[in-house]
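Below: the structure, in C-alpha coordinates.
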Amino acid sequence: RGVVAMHRGRYEEATQRLASALAMKRALGDRAGARACLLNLGLAAHRLGDLDGAERFLDEAIALAVSLDQAQGRGWCLAARADVALTRGDRERARRAVAEARALGAALPAAVRADLSLLEAELALAARSYDEVAASLSGLAPELLSTDALVDARARTVRASAALGNGQRRAA
(Lines of atoms letter the chains of each structure in order from A and count residues from 1; the text may use other names and numbers.)
(Lines give C-alpha, C1' and ligand atoms only; values in the text may rest on other atoms or scores of the structure.)
Protein backbone atom coordinates (compact mmCIF):
# COMPACT_ATOMS: atom_id res chain seq x y z
CA ARG A 1 0.00 0.00 0.00
CA GLY A 2 2.97 2.31 0.54
CA VAL A 3 4.00 2.06 -3.10
CA VAL A 4 0.42 2.73 -4.21
CA ALA A 5 0.27 5.83 -1.99
CA MET A 6 3.60 7.00 -3.43
CA HIS A 7 2.40 6.57 -7.02
CA ARG A 8 -0.66 8.61 -6.13
CA GLY A 9 1.52 11.43 -4.82
CA ARG A 10 0.67 10.85 -1.16
CA TYR A 11 4.28 10.77 0.00
CA GLU A 12 3.69 11.28 3.73
CA GLU A 13 1.26 8.37 3.79
CA ALA A 14 3.65 6.32 1.68
CA THR A 15 6.47 7.01 4.12
CA GLN A 16 4.38 5.83 7.08
CA ARG A 17 3.24 2.68 5.31
CA LEU A 18 6.71 1.88 3.98
CA ALA A 19 8.29 2.42 7.41
CA SER A 20 5.79 -0.06 8.88
CA ALA A 21 6.52 -2.53 6.10
CA LEU A 22 10.27 -2.09 6.66
CA ALA A 23 9.89 -2.85 10.36
CA MET A 24 7.94 -5.98 9.48
CA LYS A 25 10.49 -7.10 6.88
CA ARG A 26 13.31 -6.62 9.38
CA ALA A 27 11.45 -8.52 12.10
CA LEU A 28 10.95 -11.41 9.67
CA GLY A 29 14.57 -11.31 8.51
CA ASP A 30 13.46 -10.52 4.95
CA ARG A 31 16.52 -8.59 3.80
CA ALA A 32 15.43 -8.49 0.15
CA GLY A 33 12.05 -7.06 1.17
CA ALA A 34 13.82 -4.57 3.43
CA ARG A 35 15.96 -3.45 0.47
CA ALA A 36 12.83 -2.81 -1.59
CA CYS A 37 11.24 -0.83 1.27
CA LEU A 38 14.39 1.24 1.70
CA LEU A 39 14.47 2.06 -2.02
CA ASN A 40 10.86 3.21 -1.90
CA LEU A 41 11.43 5.18 1.30
CA GLY A 42 14.33 6.89 -0.48
CA LEU A 43 12.12 7.72 -3.45
CA ALA A 44 9.39 9.11 -1.19
CA ALA A 45 11.88 11.16 0.85
CA HIS A 46 13.29 12.59 -2.39
CA ARG A 47 9.79 13.64 -3.51
CA LEU A 48 9.22 15.27 -0.12
CA GLY A 49 12.46 17.25 -0.52
CA ASP A 50 14.24 15.38 2.28
CA LEU A 51 17.45 14.79 0.34
CA ASP A 52 19.47 13.77 3.40
CA GLY A 53 16.84 11.21 4.35
CA ALA A 54 16.66 9.97 0.77
CA GLU A 55 20.42 9.46 0.70
CA ARG A 56 20.38 7.56 4.00
CA PHE A 57 17.64 5.21 2.83
CA LEU A 58 19.25 4.69 -0.57
CA ASP A 59 22.74 4.13 0.83
CA GLU A 60 21.36 1.44 3.14
CA ALA A 61 19.40 -0.08 0.25
CA ILE A 62 22.54 -0.15 -1.93
CA ALA A 63 24.54 -1.83 0.84
CA LEU A 64 21.82 -4.46 1.26
CA ALA A 65 21.64 -5.06 -2.50
CA VAL A 66 25.41 -5.57 -2.60
CA SER A 67 25.35 -7.98 0.35
CA LEU A 68 22.48 -9.91 -1.27
CA ASP A 69 24.19 -9.89 -4.69
CA GLN A 70 21.10 -8.25 -6.22
CA ALA A 71 22.28 -6.62 -9.42
CA GLN A 72 18.81 -5.43 -10.42
CA GLY A 73 18.01 -4.04 -6.97
CA ARG A 74 21.40 -2.37 -6.84
CA GLY A 75 20.81 -0.82 -10.26
CA TRP A 76 17.45 0.64 -9.21
CA CYS A 77 18.97 2.02 -6.00
CA LEU A 78 21.96 3.53 -7.80
CA ALA A 79 19.69 5.20 -10.35
CA ALA A 80 17.63 6.70 -7.52
CA ARG A 81 20.85 7.77 -5.77
CA ALA A 82 22.01 9.49 -8.98
CA ASP A 83 18.67 11.31 -9.22
CA VAL A 84 19.05 12.63 -5.66
CA ALA A 85 22.61 13.76 -6.41
CA LEU A 86 21.38 15.50 -9.56
CA THR A 87 18.68 17.28 -7.53
CA ARG A 88 21.44 18.45 -5.17
CA GLY A 89 23.45 19.73 -8.14
CA ASP A 90 26.21 17.21 -7.40
CA ARG A 91 26.82 16.09 -10.97
CA GLU A 92 30.01 14.22 -10.16
CA ARG A 93 28.31 12.06 -7.55
CA ALA A 94 25.42 11.46 -9.95
CA ARG A 95 27.88 10.44 -12.69
CA ARG A 96 29.60 7.98 -10.34
CA ALA A 97 26.29 6.37 -9.37
CA VAL A 98 25.25 6.06 -13.02
CA ALA A 99 28.65 4.59 -13.96
CA GLU A 100 28.45 2.07 -11.10
CA ALA A 101 24.99 1.03 -12.25
CA ARG A 102 26.08 0.84 -15.91
CA ALA A 103 28.90 -1.49 -14.85
CA LEU A 104 26.26 -4.05 -13.86
CA GLY A 105 25.60 -4.44 -17.59
CA ALA A 106 23.12 -6.96 -18.93
CA ALA A 107 21.95 -7.84 -15.41
CA LEU A 108 19.90 -4.65 -15.43
CA PRO A 109 16.33 -4.75 -16.72
CA ALA A 110 15.35 -2.48 -19.61
CA ALA A 111 13.55 -0.06 -17.27
CA VAL A 112 16.72 0.55 -15.24
CA ARG A 113 18.82 0.97 -18.38
CA ALA A 114 16.24 3.50 -19.63
CA ASP A 115 16.38 5.40 -16.34
CA LEU A 116 20.17 5.51 -16.61
CA SER A 117 19.98 6.85 -20.18
CA LEU A 118 17.59 9.55 -19.00
CA LEU A 119 19.87 10.43 -16.09
CA GLU A 120 22.86 10.64 -18.46
CA ALA A 121 20.84 12.96 -20.70
CA GLU A 122 19.90 15.12 -17.70
CA LEU A 123 23.55 15.26 -16.66
CA ALA A 124 24.53 16.34 -20.18
CA LEU A 125 21.77 18.95 -20.13
CA ALA A 126 22.99 20.29 -16.78
CA ALA A 127 26.50 20.57 -18.26
CA ARG A 128 25.04 22.30 -21.37
CA SER A 129 26.44 19.49 -23.53
CA TYR A 130 23.48 19.47 -25.88
CA ASP A 131 24.97 17.01 -28.38
CA GLU A 132 25.52 14.53 -25.54
CA VAL A 133 21.83 14.75 -24.66
CA ALA A 134 20.88 13.23 -28.01
CA ALA A 135 23.57 10.58 -27.68
CA SER A 136 22.31 9.59 -24.23
CA LEU A 137 18.71 9.44 -25.36
CA SER A 138 19.66 7.25 -28.31
CA GLY A 139 20.19 4.49 -25.73
CA LEU A 140 16.45 4.34 -25.09
CA ALA A 141 14.79 1.34 -26.71
CA PRO A 142 12.13 2.51 -29.20
CA GLU A 143 9.69 -0.14 -27.95
CA LEU A 144 10.05 1.24 -24.43
CA LEU A 145 9.30 4.77 -25.63
CA SER A 146 6.16 3.53 -27.35
CA THR A 147 4.90 1.55 -24.35
CA ASP A 148 6.02 3.57 -21.32
CA ALA A 149 4.40 7.00 -21.23
CA LEU A 150 6.54 8.20 -18.33
CA VAL A 151 9.84 7.34 -20.03
CA ASP A 152 8.58 8.91 -23.26
CA ALA A 153 7.50 12.09 -21.45
CA ARG A 154 10.82 12.41 -19.63
CA ALA A 155 12.74 11.89 -22.89
CA ARG A 156 10.62 14.49 -24.69
CA THR A 157 11.12 16.98 -21.86
CA VAL A 158 14.90 16.53 -21.89
CA ARG A 159 15.00 16.77 -25.70
CA ALA A 160 12.93 19.97 -25.65
CA SER A 161 15.11 21.49 -22.91
CA ALA A 162 18.22 20.65 -24.92
CA ALA A 163 16.76 22.16 -28.07
CA LEU A 164 15.87 25.36 -26.21
CA GLY A 165 19.29 25.56 -24.59
CA ASN A 166 21.05 24.89 -27.87
CA GLY A 167 18.94 27.56 -29.58
CA GLN A 168 19.78 30.08 -26.89
CA ARG A 169 23.47 29.23 -27.20
CA ARG A 170 23.39 29.77 -30.96
CA ALA A 171 21.51 33.06 -30.59
CA ALA A 172 24.08 34.44 -28.17
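First residue of the sequence shown: 9, per my numbering; consecutive thereafter. For each residue, glycine too, the CB sits at the ideal point set by N, CA and C. From a predicted model like this one, the values you see are computed outputs, not experimental measurements.
Quick one: any contact between the stretch 106-116 and the stretch 132-140, if contact means 3 or more CB pairs under 8 Å?
-> no
- Give the single residue among R96, S75, A122 whose Cα lies nearest to the Cα of R39. S75
* To do: With distances taken Cα to Cα, identify the nearest neighbour of R70 among R55, D160, L172, E108.
  => Correcting the residue identity first, residue 70 is Ile in this sequence and not Arg. If we check each option's Cα against that of I70, E108 comes out closest.
Next item on the list: Compare the Cα-Cα distances from A143 to each of T155, V166, S154, A161 and report the closest residue.
Entry: V166
What ranges does the alpha helix (DSSP H) occupy inside the stretch 40-92, keeping only unbroken runs of at least 4 residues that lie completely in it? 59-75
Inset, instruction - Can you have a look at M14 and say buried or exposed, based on whether 16 or more other CB atoms are within 10 angstroms of its CB? - result: buried
| query | What three-state label does DSSP hand D123 in the structure shown? | reply | helix
For R96 and L59, which I take to be in contact (beta-carbon distance under 8 Å), what is that distance rounded to the nearest angstrom? 6 Å
* Endpoints, alpha helix (DSSP H) assigned at L153 -> 150-155
Same chain, Cβ closer than 7 Å to V92, five either side skipped, listed in chain order:
H54, L59, A62, E63, L66
Just to confirm the assignment, what range does the alpha helix (DSSP H) spanning R110 have? 99-110
query: Where does L116 fall in DSSP's three states?
result: coil
So, is S125 buried or exposed, given that buried needs 16 or more other C-beta atoms within 10 angstroms? buried
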